């Protein structure tokens, strides 16, 4: 699709952001003057300057690609964000809403009247509407739905019926189809009747009368072959066809492995129902990687960086609560050894080292195994090999680092025995970390759950409590 | 490009893997029999069975896409991996080497003779060779280089001269160019002279006699317009042109923002030197996300899951050493308060809670800020706003969770004062975590360094030592 908006390099987008910020701050300056009543509200000068800024801002925004407008909105504090939002043409607001993050989308939708929302939503395709629908008020969706034609309604219903991580949620409905018994010349003439082809059209889908997918005709073949040839002669029949219920992740892997630009989606009867394009896949990959990263740090979802303190607190709450519980358990383990610590306070100083190194080592193991599972490389019979390797690594690390620390402790506290306890506790906790580090993701995967979620909390809980218990227990047995 | 290999769904690839594993285990069974001398090495039966397996394996591998062969190789232990590797046709080994991970590539290259390597490398394009070059022995690269023609040599030199995270490293040289003063009809006839077009050709590049980029002609426009029209009439001139020195990350963001399939790369004089395609960008994004994840867990690089214990130990070493140092510092902080702990061993049990929650909260802050910086959303004047928000969140969390813990400590140890120390220490350490959590990534970014690398280690070091110091210090002052 030929966009009339400028395509910008990242630094130019940032430049735009600065210009918008500059205009906004001048805008605010005027507003402040008015508020302080140093200027009359109906003062002509005020009005002129004010209008000038507004016009300039609108013009700047109109030239920008919706994705760049979204970028600017994300980077602005709430108040400024809403000023800018009101300056964006109504028929572009829908596209921009698709591009912003969930958190920012919420702030924008909250600021809009139902009729504005209907107007914005009506500019979108069925698959785009389906992405937006969960964030829109019920009554707005009803109005939008009523304005759709029968085919679009069915598409919207279909798109909304698939779970977020399925191919159905990634697909769109903008496929160009041809019949197999026509010549390439006919196909070329047919294409010339379009004003434009859908984005990412790199192949045509060949279907029969009942919409069954017969094959695909890549432009690469269409363009290099003799126009007299029939479609059926050169179409590819061994293409990658997806199903709406396939996992989005499986589709993403297929796009990566085979470098696809688009792929047909068919129902169980092999009827063409949609297509998936590489841009939808790329968005999915990026979002997936990001939510993994956020989940690992215990953030429920991406956070509007200018969110209120209260909503940020809620976003981070669950994780802190879980950590408080695990930390409390570890604390009780230590509590059980308070009499040992009273006798030898050095134990209190040394125990966090044992626990901490165990946690780090366990997290390394988990990260490696989670990655291998995600790539589908860990078969059941590999488990024993992995266990053996990880325990070998842990044992070796324990002897090396634990040995080093043992010597330092010996020199520091003048007690060979304390040094030996340190070395053995380190080694044992590292072995514990390796064992649990392999077990947690393997078990999660076998139970059909995401091996990454919560794995880091769990391993740290085990290596903390375990480390304290091993170290203090050994010390109580051997030293006191 | 029309591949003759099958395109498979993820579960089918895994099925292939199991079949290969099955064939290999039967292969090994025979070998074991031979070794145990229960069968004569030249026994005809052995030879027959053996050959059958080998033939079946080769046939299976020949049908598979190089990316799927790579997948199978990654999932096999070293010994099996090399058996399979030897069965892959020499002219496909180059492509497979491109698809496997660095760690596995190393094991494969190490098993090959120089002349085999030269044969494998000679099947590759210049940009692919450049990716492989760092892993190939010097003498092999020399032989390969000598076999190239002048244009390819220059391309290889160019591709190798750019740093790994630049556009130059992502680009290939397979662009199709046309002149602006010809009609679409001429373009269509020109394209029909190709046997096939390069992968991901979604547009032609329009250049003048000196190879200056004039515009691009998307297939979408070529196909819908009248063949009598001249290229110059419909070509797009506001396309996104990249420079070889641009950051790969900036290019990736442009591909995502504008949903591109390919983009021209031009030198400072606007001469077309190559192109970047969406599949190169997608690989880059995936690798980038992965190396972030590995770095966060302190793994130097992706690890061959069947790597030897020793090479795994080395991969995880640096991080453990750093952690040992920070844990040791924290331990010394505690050591300074040993006399307090001797008097009140409860302090030893409670201090890890203060340190742990601080670390978690600090990591949440860092993750959020790093993400905002990566998206380019954090301008200097936003820093103060962010500080205020994060400190607000930390203070609120400290009062809520610290208050709760204070009450629990009071009930558990019967000391109101100890409870108050707990609450204040928690709050102070959370505020410390927030302050440092904003400062570290902002400072790194201002110094032009990657804000994610090492941030997590640093914050944990600060919140551990800081938490112990704050809690034990307050307790010593107020309780003893």
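Protein chains in written order, with this note's numbering: chain A, 61 to 540; chain B, 61 to 540. Ideal placement from N, C-alpha and C gives every residue a C-beta, glycine not left out. Here the structure is a predicted model, which means the values were calculated and not measured.
For residue 212 of chain B, name the three-state secondary structure that DSSP assigns.
Taking the second chain and counting its residues from 1, the one referred to as residue 212 of chain B is at position 152. Helix at residue 212 of chain B.
Which value, in whole angstroms, describes the spacing of the CA atoms of residue 469 of chain B and residue 117 of chain A?
Within the second chain, residue 469 of chain B is the residue found at index 409, counting from 1. Within the first chain, residue 117 of chain A is the residue found at index 57, counting from 1. Approximately 57 Å between the Cα atoms of the pair.
Please classify residue 223 of chain A: is it buried, with 16 or more other beta-carbons within 10 angstroms of its beta-carbon, or exposed?
Residue numbering aside, residue 223 of chain A sits at position 163 when the first chain is read from its first letter. Burial call: exposed.
Residue of B/312, B/356 and B/337 minimising C-alpha distance to residue 345 of chain A
As a working note, residue 345 of chain A is residue 285 in the first chain. Out of B/312, B/356 and B/337, B/312 has the C-alpha closest to the C-alpha of residue 345 of chain A.
Simplified DSSP state of residue 325 of chain B, which is helix, strand or coil:
Your numbering for residue 325 of chain B matches position 265 in the second chain. If DSSP states are grouped into helix, strand and coil, residue 325 of chain B belongs with the strands.
Measuring only the C-alpha atoms, how far is residue 187 of chain B from residue 210 of chain B?
As a first step, residue 187 of chain B is located in the second chain; it is residue number 127 there, counting from the start. As a first step, residue 210 of chain B is located in the second chain; it is residue number 150 there, counting from the start. The straight-line gap from Cα to Cα measures roughly 15 Å.
Could you tell me whether the Cβ atoms of residue 528 of chain B and residue 393 of chain B are closer together than 8 Å?
Mapped onto the second chain, residue 528 of chain B falls at position 468. Mapped onto the second chain, residue 393 of chain B falls at position 333. For residue 528 of chain B and residue 393 of chain B, yes; Cβs fall inside 8 Å.
How is residue 360 of chain B classed by DSSP in three states: helix, strand or coil?
Residue 360 of chain B sits at position 300 when you count from the first residue of the second chain. Coil, per DSSP.
To the nearest angstrom, how far is the alpha carbon of residue 400 of chain B from that of residue 524 of chain A?
Along the second chain, one-based indexing puts residue 400 of chain B at 340. Along the first chain, one-based indexing puts residue 524 of chain A at 464. Whole-angstrom Cα-Cα distance: 23 Å.
Buried or exposed (CB count within 10 angstroms, at least 16 for buried), residue 389 of chain A:
Within the first chain, the letter at position 329 stands for residue 389 of chain A. Residue 389 of chain A is exposed by the Cβ-count criterion.
Exposure of residue 62 of chain B, with buried meaning 16 or more beta-carbon neighbours within 10 Å
Mapped onto the second chain, residue 62 of chain B falls at position 2. Bear in mind that a pLDDT of 38 at residue 62 of chain B, under 50, signals an unreliable position, so the number given afterwards is only what the model happens to contain. With fewer than 16 Cβ atoms within 10 Å of its Cβ, residue 62 of chain B is classed as exposed.
Would you report the Cα separation of residue 75 of chain B and residue 512 of chain A, rounded to the nearest angstrom?
Residue mapping note: residue 75 of chain B aligns to position 15 of the second chain, counting from 1. Residue mapping note: residue 512 of chain A aligns to position 452 of the first chain, counting from 1. Each residue's Cα considered, the two are about 24 Å apart.
Along chain A, which residues have their Cβ under 7 Å away from the Cβ of residue 423 of chain B?
Counting from 1 along the second chain, the entry for residue 423 of chain B is found at position 363. Near residue 423 of chain B (Cβ distances below 7 Å), the residues of chain A are 357.
Sort A/492, A/266, A/140 and A/173 by Cα distance to residue 239 of chain A and report the nearest one.
Counted from its first residue, the first chain places residue 239 of chain A at position 179. Looking at the Cα atoms, A/266 is the closest of the given residues.
Distance, Cα to Cα, residue 343 of chain A vs residue 316 of chain B?
Residue numbering aside, residue 343 of chain A sits at position 283 when the first chain is read from its first letter. Residue numbering aside, residue 316 of chain B sits at position 256 when the second chain is read from its first letter. The straight-line gap from Cα to Cα measures roughly 7 Å.
Rounded to a whole number of angstroms, what is the C-alpha to C-alpha distance between residue 250 of chain B and residue 318 of chain B?
Within the second chain, the letter at position 190 stands for residue 250 of chain B. Within the second chain, the letter at position 258 stands for residue 318 of chain B. Distance between the alpha carbons of residue 250 of chain B and residue 318 of chain B: 29 Å.
8 Å is my cut-off, CB to CB: does residue 466 of chain B come that close to chain A?
Here the question's residue 466 of chain B lines up with position 406 in the second chain. No, its Cβ sits nowhere closer than 8 Å to a Cβ of chain A.
Name the chain A residues that come within less than 7 Å of residue 74 of chain B, Cβ to Cβ?
In the second chain, counting from the first residue as 1, residue 74 of chain B sits at position 14. Here the neighbours are 436.
If contact means a Cβ-Cβ distance below 7 Å, which residues of the region 369-401 of chain A contact chain B?
369, 372, 373, 376, 379, 380, 383, 384, 387, 388, 390, 391, 394, 395, 398 and 401
Got a sec: which bits of the region 316-338 of chain B sit with their beta carbon under 7 Å from any beta carbon on chain A, in order along the chain?
316, 317, 318, 319, 321 and 338
Using beta carbons (cut-off 8 Å, strictly below), is residue 70 of chain B in contact with chain A?
Numbered from 1 along the second chain, position 10 holds the residue referred to as residue 70 of chain B. Output row for residue 70 of chain B: interface = yes.
Can you give me the C-alpha to C-alpha distance between residue 353 of chain B and residue 427 of chain A, rounded to a whole angstrom?
The residue labelled residue 353 of chain B in the question sits at position 293 within the second chain. The residue labelled residue 427 of chain A in the question sits at position 367 within the first chain. Roughly 8 Å between the two C-alpha positions.
By DSSP, does residue 256 of chain A sit in helix, in strand, or in coil?
As a working mapping, residue 256 of chain A is identified with position 196 in the first chain. Of the three classes helix, strand and coil, the one that applies to residue 256 of chain A here is coil, per DSSP.
Nearest to residue 246 of chain B by alpha carbon, out of B/289, B/234, B/212 and B/272?
Counting from one through the second chain, the residue named residue 246 of chain B turns up at place 186. Of the candidates B/289, B/234, B/212 and B/272, the one whose C-alpha sits nearest the C-alpha of residue 246 of chain B is B/289.
From the beta carbon of residue 519 of chain A, is the nearest beta carbon of chain B less than 8 Å away?
Counting from 1 along the first chain, the entry for residue 519 of chain A is found at position 459. No - not a single Cβ of chain B is within 8 Å of the one on residue 519 of chain A.
Does the Cβ-Cβ distance between residue 537 of chain A and residue 478 of chain A come in under 8 Å?
If you number the first chain from 1, residue 537 of chain A lands on position 477. If you number the first chain from 1, residue 478 of chain A lands on position 418. Against a cut-off of 8 Å, the Cβ pair of residue 478 of chain A and residue 537 of chain A comes out as no contact.
Output the distance between the C-alpha atoms of residue 391 of chain B and residue 532 of chain A, rounded to the nearest integer angstrom.
Counted from its first residue, the second chain places residue 391 of chain B at position 331. Counted from its first residue, the first chain places residue 532 of chain A at position 472. Roughly 15 Å separates the two Cα atoms.
Counting C-beta neighbours from all protein chains within 10 Å, is the total for residue 380 of chain A 16 or more, i.e. buried, or is it exposed?
Translated into the one-based positions of the first chain, residue 380 of chain A becomes position 320. Classification of residue 380 of chain A: buried, given that the 10 Å Cβ count is 16 or more.
Buried versus exposed call for residue 112 of chain A [16 or more other C-beta atoms within 10 Å across all chains shown]
Position 52 of the first chain, counting from 1, holds the residue named residue 112 of chain A. Answer is exposed; the Cβ neighbour count stays below 16.
Alpha carbon to alpha carbon, how far is residue 262 of chain B from residue 320 of chain B?
Working through the second chain from its first residue, we reach residue 262 of chain B at position 202. Working through the second chain from its first residue, we reach residue 320 of chain B at position 260. The alpha-carbon atoms of residue 262 of chain B and residue 320 of chain B are separated by roughly 9 Å.
Using a Cβ-Cβ cutoff of less than 8 Å, which residues in the same chain neighbour residue 378 of chain A once the five nearest sequence positions on both sides are dropped?
Numbered from 1 along the first chain, position 318 holds the residue referred to as residue 378 of chain A. Cβ within range, chain order: 358 and 360.
On a CA-only basis, which of A/510, A/198 and A/161 is nearest residue 177 of chain A? Give me that one, please.
Against the first chain, residue 177 of chain A aligns to sequence position 117. It is A/198.
Could you list which residues in chain B have their beta carbon closer than 7 Å to that of residue 416 of chain A, in chain order?
Taking the first residue of the first chain as position 1, residue 416 of chain A is located at position 356. 383 and 387, listed in chain order.
Output the boundary residues of the beta strand (DSSP E) element that contains residue 273 of chain B.
As a working note, residue 273 of chain B is residue 213 in the second chain. Per DSSP, the unbroken beta strand (DSSP E) holding residue 273 of chain B starts and ends at 273-278.
Name, please, each residue of chain B whose Cβ falls closer than 7 Å to the Cβ of residue 452 of chain A.
Within the first chain, numbered from 1, the residue matching residue 452 of chain A stands at position 392. Result: 369.
Step through the CB atoms of chain B and report whether any lies within less than 8 Å of the CB of residue 233 of chain A.
Indexing the first chain from 1 puts residue 233 of chain A at position 173. No, its Cβ sits nowhere closer than 8 Å to a Cβ of chain B.
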